[in-house]
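What follows is a single structure, written as structure tokens, with notes after it.
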Amino acid sequence: MATPRAVEFVALVEGVKGAVVLLAATGLLSLIHRNVFALASALIEHLHLNPAAKYPRIFLDAASHLHETRLLLLAAGAAAYATVRFIEAYGLFRDRKWAEVLAASSGAIYVPFELIELLRRPSWHGMIILLVNLVVVGIMVRALRQRRNAAVRDAA
6 MATPRAVEFV ALVEGVKGAV VLLAATGLLS LIHRNVFALA SALIEHLHLN
56 PAAKYPRIFL DAASHLHETR LLLLAAGAAA YATVRFIEAY GLFRDRKWAE
106 VLAASSGAIY VPFELIELLR RPSWHGMIIL LVNLVVVGIM VRALRQRRNA
156 AVRDAA
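So the sequence shown is numbered by our numbering: it starts at 6 and just counts up by one.
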């Protein structure tokens with residue numbers, strides 16, 4: 006049975022996701038008017054990595070292509086995503102059906118991609134992310150079924 010505590014757990018997960026992404030957006034905004042390539046180079050040097058190696062080179066190439074407009078767009082997209090997560094968390098805490106539908110569908114969208122990634126590169130953190138997402142989807146589907154069954158009982 007999808008207990009109110011289980012739905013509150015999902016609301017908490019969604020709120021935390023929103024907060025993490027909002028922090029990332031804030032970090033992106035802090036890079037505006039700064040030399041991102043120089044910051045990336047300093048980070049690679051601080052970590053004692055070889056800047057000519059494959060992954061540090063990819064990181065440096067990406068940093069060299071981050072301009073203010075792109076940073077603003079990334080930050081705006083992250084802020085929009087965070088807003089949706091906060092609204093979803095609010096709706097789940099307030100026992101709203103639309104929030105349950107949003108949580109179930111937005112969680113289910115990621116499952117195929119998480120499975121593909123796990124098959125390509127198995128990892129513990131990938132498995133944990135997939136399991137948490139499956140639990141969230143299961144809780145929300147169960148809550149929606151309970152809501153539907155209660156409506157049918159009330160109508161009879």
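Glycine included, C-beta positions come from ideal geometry on N, C-alpha and C.
Three or more Cβ pairs drawn from the region 11–23 and the region 88–101 lie within less than 8 Å of each other, which places the two stretches in contact. Cβ contact annotation for residue 37 (same chain, cutoff 8 Å, sequence separation greater than five): 73, 76 and 77, in chain order.
DSSP, reduced to helix, strand and coil, places residue 128 outside both helices and strands of the structure shown, so it counts as coil. Residue environment for residue 25: exposed (fewer than 16 other C-beta atoms within 10 angstroms of its C-beta). Looking from the CA of residue 27, the closest CA among 85, 94, 16 and 42 belongs to 85.
Per DSSP, residue 37 lies in no alpha helix (DSSP H) and is assigned neither H nor E.
By the CB criterion at 8 Å, residue 16 and residue 113 fall outside the cutoff. Restricting attention to alpha helix (DSSP H) runs no shorter than 4 residues, the region 19–91 encloses them at 41–51 and 59–69, ordered along the chain.
The alpha-carbon of residue 39 is positioned some 11 Å away from that of residue 45.
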